[in-house]
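Protein chains in written order, with this note's numbering: chain A, 8 to 222; chain B, 8 to 222.
Working notes, structure below.
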C-alpha cells in the first residue's frame with residue numbers, strides 16, 4: 008500500500024490512524040500542499056481531483072478519506088473501527104461525520120485561500136474564522152461525549168470517532184483554540200496519543216514534517 | 008417515525024429521499040430555519056445542536072444526515088442504498104461523501120450568515136462563493152461519472168450517491184449555477200426526479216414549502 012499524503016492535512020492524518028489501527032503497512036509519498044504540488048500535472052495523473060490523501064492498493068486508487076475508512080473497515084474488518092451494536096455505530100458515525108462534514112470544508116487550505124484572495128481577508132480574520140468553526144462543531148461534540156459518558160475513548164477502544172477527532176484537535180492547537188472548555192476531548196486526546204497507532208500517525212512523525220521531535 | 012426538517016435544507020432533503028427509497032413512513036415536522044426556530048429553546052430540547060434534520064424513531068433521535076443514512080441502511084437493508092461489491096460501494100461513498108464533506112459547510116446558512124455579518128460580504132459575493140464551491144466539487148463529480156460510465160444512475164438503481172446528489176443540484180439551480188457543463192448529472196437528475204421516491208421528497212412538495220406546484 009502507498010499513501011500520498013501531506014503531514015499536516017487532517018484527512019491524511021485520519022487515514023494514517025485508520026491504517027495503523029488496522030495494522031496495515033504502507034509507504035508514505037509526501038505531496039507538498041504549500042507549493043501546490045497537488046495541482047501539478049504529475050500529481051493530477053495520480054488524482055485528477057488534485058487532493059490528498061490518495062491510498063493506492065493493488066493498482067487501485069482511493070481518494071476520499073471517509074470513504075477510504077469505510078472501505079478499509081469492510082476489507083479489513085479486524086480490528087474493527089466501529090462497535091457491533093447499531094446504536095453505538097450510529098453514535099460513532101454521528102460524531103465522526105459531524106466533524107468531517109462541518110469542519111473539513113471551512114478549514115481547508117482552498118477555503119482559506121479563497122477568503123484571502125477573493126474576499127480580501129487578512130490572516131487575523133482567517134484565524135478567527137478557523138477558531139469560530141472549530142468551536143461551533145467541537146463544543147457540541149464535547150456535550151455529546153458527556154451525554155454518552157465517554158471516558159478515555161468514546162467506547163471501549165479507539166475507532167472511527169477518535170480517528171477523526173485527533174487530527175482536528177491537532178488543528179485546534181495549531182490555531183491556538185482554547186481547549187480548556189473541552190476536558191473530555193482532551194482526555195481522549197491524551198489517551199490516544201499515548202498509543203503507538205496514533206503517535207506514529209502524528210504530523211511531526213511524517214517524512215515531510217519540518218519538525219523532528221514529538222510534540 | 009418523525010422527521011424534523013426544513014423544506015429547502017439539503018440534508019433534510021437527502022434523508023427524505025433515503026426514507027422514501029426504503030419505503031418507510033414518516034411524519035414531517037417543519038422547522039423554520041429562516042426565523043431561527045432551530046436555535047429556540049423548544050427545538051433545542053429536541054436537538055441540543057440546533058439543526059435539522061432530526062429523525063425520531065421509537066423515542067430515539069438521530070441528527071446527523073449521513074450517519075442517519077448509514078443507520079437506515081443497516082437497520083432496513085432492503086432495498087439497499089449501496090451495491091454489494093466493495094469497489095462499487097467505495098465509488099458510491101467517494102462521490103456521496105465528497106459532496107457531503109466539501110459542500111455541506113460552505114453552503115450552509117450559518118456560513119452564509121458569517122460571510123455577511125462577520126466578514127461584511129454582500130449578497131453578490133455570497134452568491135459567487137456558493138457557485139464557486141458548487142462548481143469546484145460538482146465538476147470533478149461529473150468527470151468521475153464519465154470515468155465510471157454512469158447512465159441514468161451511478162449503478163443499476165438509485166442509491167446513496169443519488170440521495171446526496173439530487174439536493175445539491177436543486178441548490179445549484181436555486182443559485183443559478185450553469186449546469187450545462189454537467190450532462191451526466193443532469194441525466195441522473197432527470198431520471199431520479201421521474202421516480203416517486205425522489206419526487207415526493209422534493210422541497211416543493213413539503214408542508215412548509217411556499218410553493219404548491221412541482222418545478
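Every residue, glycine too, gets a C-beta built ideally from N, C-alpha and C.
Beta strand (DSSP E) segment containing residue i, residue limits
| i | result |
| --- | --- |
| residue 35/A | 34 to 37 |
| residue 64/A | 61 to 64 |
Reduced DSSP secondary structure (H/G/I, E/B, other) of residue i
| i | result |
| --- | --- |
| residue 202/A | coil |
| residue 22/B | helix |
| residue 196/B | helix |
| residue 221/B | For residue 221/B, the predicted structure reports a pLDDT of 46, less than 50, and the residue's modelled location is therefore unreliable. A value from the coordinates is still provided. Three-state result, residue 221/B: coil. |
| residue 170/A | helix |
| residue 17/B | helix |
| residue 175/A | helix |
| residue 214/A | coil |
| residue 42/A | helix |
| residue 54/B | coil |
| residue 120/A | helix |
| residue 190/B | helix |
| residue 208/A | coil |
Closer than 9 Å to chain A by CB, residue i
| i | result |
| --- | --- |
| residue 125/B | yes |
| residue 33/B | no |
| residue 189/B | no |
| residue 97/B | yes |
| residue 150/B | yes |
| residue 179/B | no |
| residue 100/B | yes |
| residue 204/B | no |
| residue 46/B | no |
| residue 131/B | no |
| residue 50/B | no |
Cβ-based neighbour list, residue i, same chain, cut-off 7 Å, excluding 5 preceding and 5 following
| i | result |
| --- | --- |
| residue 51/A | 57 |
| residue 172/B | 106, 192, 195 |
| residue 189/B | 145, 149 |
| residue 88/B | 25, 28, 76, 80, 166, 167, 170 |
| residue 45/B | 38, 57, 58, 59 |
| residue 137/B | 114, 182 |
| residue 159/B | 194, 195, 198 |
| residue 116/B | 40 |
| residue 112/B | 118 |
Same chain, Cβ closer than 6 Å to residue i, five either side skipped, listed in chain order
| i | result |
| --- | --- |
| residue 23/B | 208 |
| residue 70/A | 54, 61 |
| residue 14/A | 210, 213, 215, 216 |
Beta carbon proximity, residue i to chain B, threshold 9 Å
| i | result |
| --- | --- |
| residue 105/A | yes |
| residue 70/A | yes |
| residue 90/A | no |
| residue 75/A | yes |
| residue 21/A | no |
| residue 122/A | yes |
| residue 214/A | no |
| residue 209/A | no |
| residue 109/A | yes |
| residue 81/A | yes |
| residue 143/A | yes |
| residue 138/A | no |
| residue 38/A | no |
| residue 197/A | no |
| residue 61/A | no |
| residue 15/A | no |
| residue 128/A | yes |
| residue 93/A | yes |
| residue 67/A | yes |
| residue 56/A | yes |
| residue 165/A | no |
| residue 223/A | The structure shown does not extend to residue 223/A, since chain A is modelled only from 8 to 222, so the question has no answer here. |
| residue 222/A | Model confidence at residue 222/A stands at a pLDDT of 43, short of 50, so the residue's coordinates are unreliable; what they give is reported in the following sentence. So no, residue 222/A is outside the interface. |
| residue 113/A | yes |
Opening and closing residue of the alpha helix (DSSP H) in which residue i lies
| i | result |
| --- | --- |
| residue 114/B | 93 to 114 |
| residue 10/A | Not the alpha helix (DSSP H): residue 10/A falls in the beta strand (DSSP E), residues 9 to 12. |
| residue 69/B | Where residue 69/B is concerned, there is no enclosing alpha helix (DSSP H), although the beta strand (DSSP E) it sits in stretches over 67 to 69. |
| residue 50/B | 48 to 51 |
| residue 72/A | 72 to 82 |
| residue 151/A | 130 to 155 |
Sequence-distant residues of the same chain with beta carbon closer than 8 Å to residue i, five excluded per side
| i | result |
| --- | --- |
| residue 133/B | 119, 122, 123 |
| residue 2/B | Here chain B comprises residues numbered 8 to 222, so residue 2/B is not present and cannot be evaluated. |
| residue 153/A | 191 |
| residue 10/B | 19, 22, 23, 26, 33, 34, 35, 36, 60, 61, 62, 63 |
Is the segment 129 to 146 of chain B close to the segment 183 to 195 of chain A, with three or more CB pairs under 8 Å?
With a cut-off of 8 Å, the segment 183 to 195 of chain A and the segment 129 to 146 of chain B do not count as touching, because too few Cβ pairs lie within range.
Do three or more CB pairs link the segment 174 to 192 of chain B to the segment 77 to 96 of chain B at distances below 8 Å?
no
At least three beta-carbon pairs within less than 8 Å, the segment 35 to 44 of chain B to the segment 8 to 24 of chain B:
yes
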